[in-house]
Ligand SMILES: Cc1cc2nc3c(=O)[nH]c(=O)nc-3n(C[C@H](O)[C@H](O)[C@H](O)COP(=O)(O)O)c2cc1C
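Numbering (our numbering), first residue to last: 485 to 867.
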């Protein structure tokens, strides 16, 4: 099956289904000598796990399927460092309850990938959504930790440290207003506003009682990224990030900087004015500009301009709702379905680490592409 790989030089392939033996990934193209810490990969996976958060509150947002998601490094790492050969990371599924899915064996769940997979392949692993399941994102998060290690060791050090931070900006119609990034890991919603997080949870609790679900918006901020990342013309930074983020289940839209609001602005209000900045490094003569606004979201012409990269992703309401819905059988006959099993009510907090992982993966790939695109990088290394 094609379409399971992402990236050109840092090439990620994921494999596995929700209720199969295992899922995981192979990363081909990670340079040798990168410190690969299994605990860092495990910590990233723990953040993605259903119901995982730093608060002890009752978990109202997430599914009750509890998986340890223990990662094993099968290859490509020796004595804690990448060897330059394919890195295989594997996570065995432990808590499958496949009988929960017997009632969807011969019918298609509305809002899910079921019918599309059946129409395309004529056969589908119906258990937990099979390959279309959110469990596939565990492999991405594991790979994201490797990409992060690569970037943190290879990106030139700058005054502003490199970081990728995503958070729930809006969920169930409640938006964050008083943004404090320090709040993100302190509430179940991974929202950056403690008051908004409480209101989101209240609304989600009401929806849960009605057997319904909610969507939301995730904002992601990438800081400390040098100018010059992104490839003209089809692999522009915003195009690659969009590909990466829209490939995550339930993500339905993405906008950079002022995004769709740009359509209502004028050139004089949209353009980000540039002022003299600080000298970037000893190696380059180019001065780092200072932008007094960021409507571009840190990308112009598909290439990072040194400003923060800012984007927002729209997340649809979870399709598995506890209500009777109209659908059809495999034979095309009208029927009704009531979905049982363990499901998220709002996936926003769980998508946050997946979005961060896809950013690390995309940036690692573009960073390596930059290395081979620039004569000065090659000359520097030869010196
Ligand atoms: C981290 C994460 C968790 C998810 N959890 C659930 C869930 O518990 N129940 C559900 O119906 N959909 C869940 N989804 C969404 C479905 O996987 C997704 O909507 C479905 O496969 C259809 O794909 P599409 O929405 O991209 O079209 C989750 C998605 C992600 C990324």
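Cβ atoms here follow ideal geometry from the backbone N, Cα and C, with glycine treated the same way. Please read these numbers as outputs of a predicted model, since none were measured by experiment.
Looking at the secondary structure, which residues open and close the alpha helix (DSSP H) in which residue i lies?
{"i": "residue 705", "result": "Taken as a continuous stretch (DSSP letters only), residue 705 belongs to no alpha helix (DSSP H), being part of the beta strand (DSSP E) at 700–707."}
{"i": "residue 626", "result": "620–638"}
{"i": "residue 721", "result": "721–730"}
{"i": "residue 587", "result": "Counting along the chain, residue 587 falls outside any alpha helix (DSSP H), and DSSP gives it neither H nor E."}
{"i": "residue 751", "result": "751–754"}
{"i": "residue 598", "result": "598–605"}
{"i": "residue 771", "result": "Element bounds for residue 771: n/a, residue is neither H nor E."}
{"i": "residue 531", "result": "522–532"}
How big is the Cα-Cα spacing for residue i and residue j?
{"i": "residue 749", "j": "residue 779", "result": "10 Å"}
{"i": "residue 830", "j": "residue 521", "result": "31 Å"}
{"i": "residue 846", "j": "residue 724", "result": "7 Å"}
{"i": "residue 497", "j": "residue 804", "result": "27 Å"}
{"i": "residue 802", "j": "residue 624", "result": "20 Å"}
{"i": "residue 833", "j": "residue 665", "result": "14 Å"}
{"i": "residue 781", "j": "residue 720", "result": "13 Å"}
{"i": "residue 651", "j": "residue 675", "result": "5 Å"}
{"i": "residue 685", "j": "residue 673", "result": "7 Å"}
{"i": "residue 691", "j": "residue 736", "result": "21 Å"}
{"i": "residue 513", "j": "residue 761", "result": "35 Å"}
{"i": "residue 569", "j": "residue 560", "result": "5 Å"}
{"i": "residue 588", "j": "residue 640", "result": "51 Å"}
{"i": "residue 784", "j": "residue 707", "result": "16 Å"}
{"i": "residue 731", "j": "residue 842", "result": "9 Å"}
{"i": "residue 823", "j": "residue 492", "result": "39 Å"}
{"i": "residue 669", "j": "residue 530", "result": "13 Å"}
{"i": "residue 634", "j": "residue 556", "result": "19 Å"}
{"i": "residue 809", "j": "residue 688", "result": "20 Å"}
{"i": "residue 794", "j": "residue 648", "result": "10 Å"}
{"i": "residue 563", "j": "residue 773", "result": "41 Å"}
{"i": "residue 792", "j": "residue 757", "result": "14 Å"}
{"i": "residue 510", "j": "residue 558", "result": "10 Å"}
{"i": "residue 816", "j": "residue 523", "result": "48 Å"}
{"i": "residue 741", "j": "residue 844", "result": "19 Å"}
{"i": "residue 534", "j": "residue 682", "result": "19 Å"}
{"i": "residue 518", "j": "residue 812", "result": "51 Å"}
{"i": "residue 586", "j": "residue 553", "result": "24 Å"}
{"i": "residue 486", "j": "residue 603", "result": "16 Å"}
{"i": "residue 504", "j": "residue 747", "result": "46 Å"}
{"i": "residue 540", "j": "residue 848", "result": "Only weak support exists for where residue 540 lies, its pLDDT of 45 falling under 50; the value from the coordinates is given anyway. Going by the C-alpha atoms only, they are around 35 Å apart."}
{"i": "residue 854", "j": "residue 605", "result": "38 Å"}
{"i": "residue 814", "j": "residue 608", "result": "11 Å"}
{"i": "residue 786", "j": "residue 743", "result": "14 Å"}
{"i": "residue 729", "j": "residue 797", "result": "8 Å"}
{"i": "residue 739", "j": "residue 856", "result": "29 Å"}
Mind checking which residues open and close the beta strand (DSSP E) that includes residue i?
{"i": "residue 576", "result": "571–576"}
{"i": "residue 559", "result": "555–559"}
{"i": "residue 672", "result": "Counting along the chain, residue 672 falls outside any beta strand (DSSP E), and DSSP gives it neither H nor E."}
{"i": "residue 613", "result": "Element bounds for residue 613: n/a, residue is neither H nor E."}
{"i": "residue 507", "result": "506–512"}
{"i": "residue 496", "result": "495–500"}
{"i": "residue 740", "result": "735–740"}
Looking only at C-alpha atoms, which of the options sits nearest to residue i?
{"i": "residue 820", "options": "830, 807, 829 and 831", "result": "807"}
{"i": "residue 662", "options": "651, 648, 533 and 677", "result": "677"}
{"i": "residue 629", "options": "610, 595, 566 and 681", "result": "566"}
{"i": "residue 526", "options": "837, 857 and 849", "result": "837"}
{"i": "residue 574", "options": "531, 619, 608 and 712", "result": "619"}
{"i": "residue 733", "options": "828, 551 and 717", "result": "828"}
{"i": "residue 617", "options": "506, 755, 648 and 816", "result": "506"}
{"i": "residue 799", "options": "576, 839 and 626", "result": "839"}
{"i": "residue 771", "options": "710, 489 and 742", "result": "710"}
{"i": "residue 490", "options": "703, 743 and 726", "result": "726"}
{"i": "residue 645", "options": "705, 528 and 604", "result": "705"}
{"i": "residue 777", "options": "753, 622 and 788", "result": "753"}
{"i": "residue 679", "options": "609, 659 and 577", "result": "659"}
{"i": "residue 502", "options": "681, 755 and 621", "result": "621"}
{"i": "residue 631", "options": "590, 585, 818 and 494", "result": "494"}
{"i": "residue 572", "options": "499, 637, 638 and 642", "result": "499"}
{"i": "residue 755", "options": "744, 775 and 601", "result": "775"}
{"i": "residue 627", "options": "789, 701 and 528", "result": "528"}
{"i": "residue 654", "options": "636, 694, 738 and 699", "result": "699"}
{"i": "residue 868", "options": "790, 701 and 656", "result": "The structure shown does not extend to residue 868, since the chain is modelled only from 485 to 867, so the question has no answer here."}
Answer yes or no: does any C-beta atom of chain D fall closer than 8 Å to that of residue i?
{"i": "residue 686", "result": "No chain D appears in the structure shown, which is made up of a single protein chain."}
Can you tell me whether residue i sits near ligand 2, meaning its C-beta is under 7 Å from at least one heavy atom of the ligand?
{"i": "residue 734", "result": "For ligand 2, the structure offers nothing, since it holds only ligand 1."}
Contained beta strand (DSSP E) runs [length at least 3] in the stretch 641–692, N- to C-terminal order: 647–655
Hey, which unbroken runs of the beta strand (DSSP E) at 3 residues or more fall wholly within the stretch 791–835? 793–799, 809–812 and 818–821
Evaluate the contact criterion for the stretch 582–597 versus the stretch 605–622: three or more CB pairs, one atom per stretch, below 8 Å. The stretch 582–597 is in contact with the stretch 605–622.
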